[in-house]
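Working notes, structure below.
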Amino acid sequence: MTYTLSGCRVITGDEQCPYYPAANIVIKDGIIKKIGPAEICPAEGEQISLRGKLVAPGLINCHHHLPSVLYRDLGSDLPLMDWLQQAMWPAQAHMTGEDAYCAALLSCAEQIQNGITTTVDQYYYADCNARAVKRSGMRAVIGATVFDHPSPESKDTLQTAVDFIEKYRHDERITPCFGPHAPYTESPRTYRRIAALAAEMGVMVHTHIGETRSEVDCIREKYGTTSTQLLEETGLFENRVIAAHNIYLSPQDIDIFAKHQVGAVFCPVSNLKLASGIPDIAPFIKAGIPTAFGTDGAESNNALDLLQDAKIGLLLQKTMHRDAALMPAEQGLAMLTAEAADIIGMAHCLGRLMPGYQADLVVFDDAFANAVPHHATAAQETAHLLYSLSGKNVQSTMVAGKWLMYERQVRTFDYPAVARQVQQRAARIAADAGLL
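Reading the sequence shown from the start, the letters are residues -17 to 418 in the numbering used here.
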């Protein structure tokens, strides 16, 4: 099937042609066939007019926990370890697979509404999460969480992760991986086993590193080193690794990230809410480390508006370094698209709007007061996107040439019915955990 999105302003992510003030995007069988002004890129097939709309590559949320919308607003205003021990872990103990599936669907809807086309997840009930993603039409990298102790899902989380990876390793839209929680909950022995299995199975690893000072103190006391150096010793970084948070890393740790090209993902809003700290992203970028943004889960962020999180993350860096020119909007957009695609090993097909790439894109509507005026140059449009727009401006979201949301209507499943189910399930879990 071939059709054309016509007359739109396009931020492409292509360094050769970063912006078109008016362009056609010809899509064939879910792939971008051609893109450019109408005189050199005539329309083919059905035409869908997007005149006056801004089109950009679909956003990639590089750290998330899909079912955690169940715990939105629970345990607010607590520091991380108190929040985990007093609210999250008690609530999670009462979650079932069907709870996870319904919540993951709602999480997909919220991300679709905010222009996110690919999510990078790490949680238990990975199979339920994958089923939800497939129903929603999104793409996902899904890490099956591994603990040294049983989870609500499994007594042997490592074997559960292996089984999940085997089931989905050839799926078109689900990329399975290992998701060990963190060095303070998993032993070096477990990380060594995961490192070997990941190499054998040819999959990624998604873990938390350097999220809190208490983690730093715990690892230093137990092993006499840092989390990053400990994980390097296990051989984990011989694989493609996605590391979330990275607030408390030493210069030596950053060198290790650079050496192994560990994907560094930053979650500024979640970290601010839990008062975990403010990550300093600039040294990572200077060292040539692939960098991206994530929302983290709705339990610690509350909202899944990745565009707003990126704005906050960029502004924090400018203020930390007293340098308004640091990390300009173009860098922020790359961290949401092309660099994020590189971190998940999909830079060849995602993160840019170019011929041969997947037709994963987001359409922004400027018919809101916050979007007027805009100025038609590449730099100004990118700044407009990063600093003025938010999820509320997303009109439509597409993955592989299919509208997941069109004109603010989620098309792939009954979103209001799912929201009602999640409301009921979340109330039951909170009550059972004694949190209401």
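From the three backbone atoms N, C-alpha and C, an ideal C-beta is built for every residue, glycine too.
- Look at the beta carbons and you see the segment 32 to 51 touching the segment 86 to 100: at least three pairs across the two are nearer than 8 Å.
- Going by DSSP, residue 380 is part of the beta strand (DSSP E) stretching over 376 to 381.
- Per DSSP, the continuous alpha helix (DSSP H) segment holding residue 213 begins and ends at 209 to 216.
- In the displayed model, residue -12 falls within a strand according to three-state DSSP.
- Pairwise C-beta distances place the segment 156 to 165 in contact with the segment 117 to 136, as three or more of them are shorter than 8 Å.
- The beta carbon of residue 33 is closer than 6 Å to those of -11 in its chain, skipping five residues each way along the sequence.
- DSSP places residue 30 inside the beta strand (DSSP E), whose first and last residues are 28 to 31.
- When DSSP states are grouped into helix, strand and coil, residue 120 belongs to the coil group.
- Looking at the DSSP output, residue 340 bridges to 13.
- Remark: C-beta atoms of residue 113 and residue 281 do not approach each other more closely than 8 Å.
- Between residue 156 and residue 116, the C-beta gap is smaller than 8 Å, which places the two residues in contact.
- In the assembly as shown, residue 202 is an exposed residue. Its beta-carbon has fewer than 16 other beta-carbons within 10 Å.
- The criterion of a C-beta distance shorter than 8 Å is not satisfied by residue 12 and residue 386.
- Collapsing the DSSP output to three states places residue 23 in coil.
- Counting only residues of its own chain and dropping the five nearest sequence neighbours on each side, residue 197 has a CB closer than 8 Å to the CB of 164, 165, 166, 209 and 230.
- Burial check for residue 95: the Cβ neighbour count within 10 Å reaches 16 or more, so the residue is buried.
- Contact between residue 108 and residue 400 is absent: CB atoms are separated by about 19 Å, not below the 8 Å threshold.
- A straight line joining the alpha-carbon of residue 224 with that of residue 27 spans about 40 Å.
- The beta carbons of residue 39 and residue 333 sit about 6 Å from each other, so the pair counts as a contact at 8 Å.
- Pairing residue 151 with residue 185, the inter-Cα distance amounts to about 8 Å.
- With respect to the 8 Å criterion, residue -7 and residue 321 are not classified as neighbours on the basis of their beta carbons.
- In the displayed model, residue 126 falls within a strand according to three-state DSSP.
- Contact check for residue 283 and residue 258: beta-carbon distance about 12 Å, past the 8 Å limit, so the pair fails to qualify.
- Ranked by how close their Cα comes to the Cα of residue 302, the residues 264, 329 and 338 have 264 in first place.
- Distances from the CA of residue 170 to each of 216, 204, 136 and 133 were compared; the closest alpha carbon is that of 216.
- Nearest in C-alpha terms to residue 389, of all of 2, 190, 377 and 355, is 377.
- When secondary structure is reduced to three states using DSSP, residue 275 falls in the strand class.
- Judged by their CB atoms, residue 324 and residue 382 are not nearer to each other than the 8 Å cut-off.
- If you look at residue 239, you'll find it in the alpha helix (DSSP H) that goes 233 to 242.
- For residue 225, DSSP records a beta bridge to 189 and 246.
- In this structure the segment 15 to 31 touches the segment -9 to 6; the number of beta carbon pairs closer than 8 Å is three or more.
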